[in-house]
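Residue numbers for the sequence shown follow full-length UniProt numbering, beginning at 1 and rising by one. Below: one structure, written as structure tokens.
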Amino acid sequence: MPRKKPAGAGTWADPDDAPELTEAHFEQADVYEGDRLVRPGRGPGRPKAASIKIAVSLRLDPDVLRYFRSTGPGWQSRMNAVLSRAARRRAAAQARPAAETRSRRAASGKSKRPEEVHPKRG
């Protein structure tokens, strides 16, 4: 079993070799008054994004999950982008007046009247 190194056996021998303390060093330092922290030097973690994402638990079809995972690293962000686009399109479609939607369907020849989708047999 290897032996432990004795305490205090450092490699730094010359105190004149210490790095010079700059203004930037002091700006990033924690400031204390006695034992009380007055100003932390840096906040914990990375800065908050403009729009934060929320962790959720979600059940997906295996083929959907397989497809997105097969696209490589960043698959969750790509899935988020696809869902975001779909949500924006749906919201825009719901915001359009119903008459405008009907006139577009009529002009394109795509009618949604039940008798045209499922003709009566008789």
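For every residue, glycine included, the Cβ atom is placed at its ideal position computed from N, Cα and C. This one's a predicted model, so the numbers in the text were calculated from it and none came from an experiment.
Does the distance from the C-beta atom of residue i to that of residue j stay below 9 Å?
| i | j | result |
| --- | --- | --- |
| residue 42 | residue 28 | yes |
| residue 37 | residue 30 | yes |
| residue 53 | residue 80 | yes |
Starting from residue i and walking both ways along the beta strand (DSSP E), at which residues does that stretch end?
| i | result |
| --- | --- |
| residue 128 | Residue 128 falls outside the range modelled here, since the chain spans only 1 to 122, and no answer is possible. |
Does DSSP classify residue i as helix, strand or coil?
| i | result |
| --- | --- |
| residue 20 | coil |
| residue 107 | helix |
| residue 97 | coil |
| residue 15 | helix |
* Could you name each continuous alpha helix (DSSP H) segment of 4 residues or more that falls completely within the region 36–94, going from the start of the chain to the end? => 62–70
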